[in-house]
Amino acid sequence: MQKLLLECGPERRDGWTRVDQDPVHAPDLVAHPIALVAVADGSVGALELRPPLCDLDLPTARRAFAEWRRVLAPGGSLALRTPDAAVAAALVGRLVDGVDQGLAALFGHPDSPHRAGRRWAWTRESLAAELSAAGFDPPRIAHGEDFGLTVTTNRRASVDDPAPIASHPIEAADQVDRAAREVQADDTSGGDPTIVLAWPRYDDPQVLDTFFRAFAGVLSDRDDTVLALLYEPRQDGDEGEVLAAIEGAHGRVLGSDTPLAVGLVLAPRETSGWREVQARSSVRIALASDTLRGAYARLELPRIEDPGQLTDLINGTPAGGAPRGVLVGPGATLDRDLAARAAALHPWFYPVELGDHVVLPGIGSPCSAEYLTSRAANRAQLLVEGVLAAIDMRGARLLDLACNCAFWSSYYARAGATSVFGLEGRERHVEQARLYWEANGFLPAGAAQFVRGNISDSADWAPIRDRGPFDVTLCAGILYHVENYAEILRWAAAVTTGTLIVDTRVQDGPEVLVDEPGDVQFNAIRETRRKVTPNRAKLLAVLRELGFEPQVLPCPFGSALGVDHADDYADGARVTIVAKKVAVAAPTNAGGLRSIGVPGGAR
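Rendered as structure tokens:
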């Protein structure tokens, strides 16, 4: 029976399967430690989490316990470590070399190179209670180094162990049936209602609104469907809070008077319960958060990824005749040619509006619309609000490198920029940019141009040099997809008179050359398959050497869907930098000095 080492990093052990969410460590399995979707139920004899448990917040830890219990065989062992909050609390105020020992134990040493931050504190008692409630034997807990607890326990062998969440394994399935019967009683057609299963996130109003906007609208004002929303108190919180979140999204998106048959369904704990839920449901809506839902993500039900598919299932025809992944605004008339052009360019990376039409991102890609919409909304707080607070775009000439559909520079055009030139390595995204800007008329005809080119190849910079110089250059989401980022910044600096905007992943260790993981067509281009993630200090030093003074914009949001893990701005894994060209001095007529202003500079 296999043994799993979770978040293994570079560590290797004979006989252990190495699991890590970062492919740079070349693990045996690339997976999130709380979403081991590829690991079968009861197939693991031993499981160890390498980083401290305190790196997970409480709801995430509870999801982890449930997932680890699923993959462990009865009697299988679990090993953890975490600081002892009780001991640390007693040490608060005790200074050694100016460092509070209690706070360092709880939150990490201030000089530690790891910036992830600790998100929950455990005592022996609280950890033992949580593990027991999750289906583990009473843990064996001892004190280790640095005020830490070392914890070992075993998956409880009995399938009848106490369930703090659901007292009966098929309770969820019974609730699905009850919800269906209630709808059927009001259904004059006499047919069985379609049970649409989903498990969205309830803790983020923005994400829940996106879900309602995309899917609940299709199901509203119908008597032949039921939207069955799963929840689990230890993951999602109090039932009353979840209901309030659902009602809030319903009111904000659909209007509180719009009928919607929806039922809140308690998630089962045992495999038998999930089989019953599967048997009594019609389809499930696939969301990014599914990967954190353990057994739910493995239900063998038809997957619905966008509203067009759901409407096809219910009506047999696309909504309003619109193609898959294209929505028509309320009261608007479908532009069939525009909608067809947009659909032909799927997948889009950003949630764009084309006049009265909305294009859902991610259709046909590994990324869900929910994930990409949340990602764009959070990043906009930096790349739109933060950048526009620092730079006066009025009259600016823009260069957008690796522009994708030129989503971010469209906001700069709306803020007063007068021209934009975009270079993009994938022809599909070049065509997306042209359609996006044409349909919305962000600038007069001819003021926005987008061409295909490889940002890492000097020869492809010829059209940029011909059209330069530029007041502002945007370089967002590309530097960690190439191996020559410093050279690219030198080329950009040579054609930029005002400000460089850089948005990239960073890290604090050596720059290691690796192969691009994932879908190369969605993440990068084949010519830049080899990449490094820039070292934070080196990146800032390069910008200064080029004559720019970099300012890392403060992150106004926490870890969220789409901006977590490797893209977590809040933890410093990714940064947005506004680098203003340092003003030079020139002699005046009187022989003195005067300052020369820099167009596109910070204001």
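In numbering that gives the first Met the number 0, the protein residues as written are 0 to 602. C-beta atoms are modelled at their ideal positions from N, C-alpha and C, and glycine is treated no differently. Computed from a prediction, not measured in an experiment: that's the story for all the values here.
Select from the options the residue whose C-alpha is nearest the C-alpha of residue i.
i: A294; options: A65, A412, R11; result: A65
i: D399; options: A388, E423, P555, L387; result: E423
i: V276; options: R200, P533, L298; result: L298
i: D208; options: L229, R323, H249; result: H249
i: I313; options: V282, L94, R535, A321; result: V282
i: G236; options: P267, R200, L253; result: R200
i: I477; options: R433, K530, Y411; result: K530
i: L286; options: R413, E369, Q1; result: E369
i: G561; options: V551, A278, A572; result: A572
i: E430; options: W347, C7, Y568, E124; result: W347
i: S408; options: V501, A331, S373, L337; result: V501
i: L512; options: G330, L337, P22, R221; result: P22
i: S373; options: L126, D567, W119, P32; result: D567
i: A461; options: G497, A493, V481; result: A493
i: L79; options: C366, W15, L148; result: L148
i: S455; options: G497, C474, P443; result: C474
Go through its chain and collect everything with a Cβ distance to residue i's Cβ below 6 Å, but skip five positions before and after it.
i: P549; result: L539, L542, I576, A578
i: T152; result: L77, L130, F135, D136, P138
i: G41; result: A72
i: S418; result: R396, A446
i: A85; result: T122
i: E426; result: R451
i: V241; result: Y201, Y230, D235
i: L359; result: D305, G324, A368
i: G8; result: H24
i: Y410; result: V383
Roughly how many angstroms lie between the CA atoms of residue i and residue j, to the nearest whole one?
i: P301; j: S280; result: 10 Å
i: A172; j: P232; result: Residue placement at A172 is flagged as unreliable, the pLDDT there being 46, under the threshold of 50; the coordinate-derived value follows with that caveat. The straight-line gap from Cα to Cα measures roughly 17 Å.
i: P533; j: C554; result: 19 Å
i: D570; j: N483; result: 25 Å
i: A339; j: R251; result: 29 Å
i: F547; j: R268; result: 56 Å
i: A45; j: A60; result: 18 Å
i: V325; j: E544; result: 46 Å
i: G307; j: A582; result: 53 Å
i: L18; j: A37; result: Per the sequence shown, the amino acid found at residue 18 is Val instead of Leu. Between V18 and A37, the C-alpha separation is close to 11 Å.
i: F211; j: T270; result: 29 Å
i: Y479; j: N377; result: 20 Å
i: A213; j: L552; result: 32 Å
i: L196; j: F420; result: 45 Å
i: I284; j: E246; result: 19 Å
i: R393; j: K580; result: 17 Å
i: N667; j: R433; result: Here the chain comprises residues numbered 0 to 602, so residue 667 is not present and cannot be evaluated.
i: L344; j: A405; result: 15 Å
i: R154; j: D83; result: 23 Å
i: R464; j: A458; result: 10 Å
i: A30; j: Q1; result: 16 Å
i: F556; j: L48; result: 27 Å
i: P204; j: R68; result: 30 Å
i: A278; j: I303; result: 17 Å
i: S558; j: R504; result: 14 Å
i: L57; j: W119; result: 6 Å
i: L337; j: V357; result: 11 Å
Can you list, in chain order, the residues of its chain with a C-beta nearer than 7 Å to that of residue i? Leave out the 5 residues immediately preceding and following it.
i: R12; result: L4
i: H564; result: Q20
i: A342; result: P322, R323, G324, V325
i: R413; result: F441
i: A331; result: D355
i: V175; result: Any answer about V175 is weak, because its pLDDT of 49 lies below 50 and its placement is not dependable; what the coordinates show is given next. Result list for V175: I194, A227, V264, V276, R279, S280, in chain order.
i: L253; result: F211, A215, G216, S219, L259
Tell me which residues share the same chain as residue i and place their Cβ nearer than 8 Å to its Cβ, disregarding the 5 neighbours each side in the sequence.
i: V70; result: L3, L35, V38, A39, D40, G41, S42, V43, L46
i: P317; result: Interpretation of P317 is limited by its pLDDT of 45, a score under 50 that renders its predicted location unreliable; no figure is taken from the coordinates.
i: E10; result: L4, R17, R49
i: A296; result: A34, V36, D289, T290
Report the start-end ranges of each alpha helix (DSSP H) in the stretch 393 to 460 that is 4 residues or longer and not cut off at the edges. 406 to 413, 426 to 439
Would you call the stretch 424 to 442 and the stretch 482 to 497 in contact, with 3 or more CB pairs under 8 Å? no
Tell me whether the stretch 213 to 223 and the stretch 374 to 394 touch, counting them as touching only if at least three CB pairs, one residue from each stretch, are closer than 8 Å. Segments in contact, no.
Does the stretch 344 to 358 touch the stretch 449 to 460, meaning 3 or more C-beta pairs lie closer than 8 Å? no
Taking 8 Å as the cut-off, does the stretch 366 to 385 touch the stretch 464 to 471 (at least 3 CB pairs, one atom from each stretch)? no
Measuring CB atoms only, is the stretch 222 to 229 touching the stretch 46 to 56, in the sense that at least three cross pairs come out at less than 8 Å? no
Contained alpha helix (DSSP H) runs [length at least 4] in the stretch 460 to 499, N- to C-terminal order: 461 to 466, 484 to 493
What are the start and end residues of each continuous beta strand (DSSP E) run of 3 or more residues lying completely inside the stretch 322 to 351, in chain order? 325 to 327
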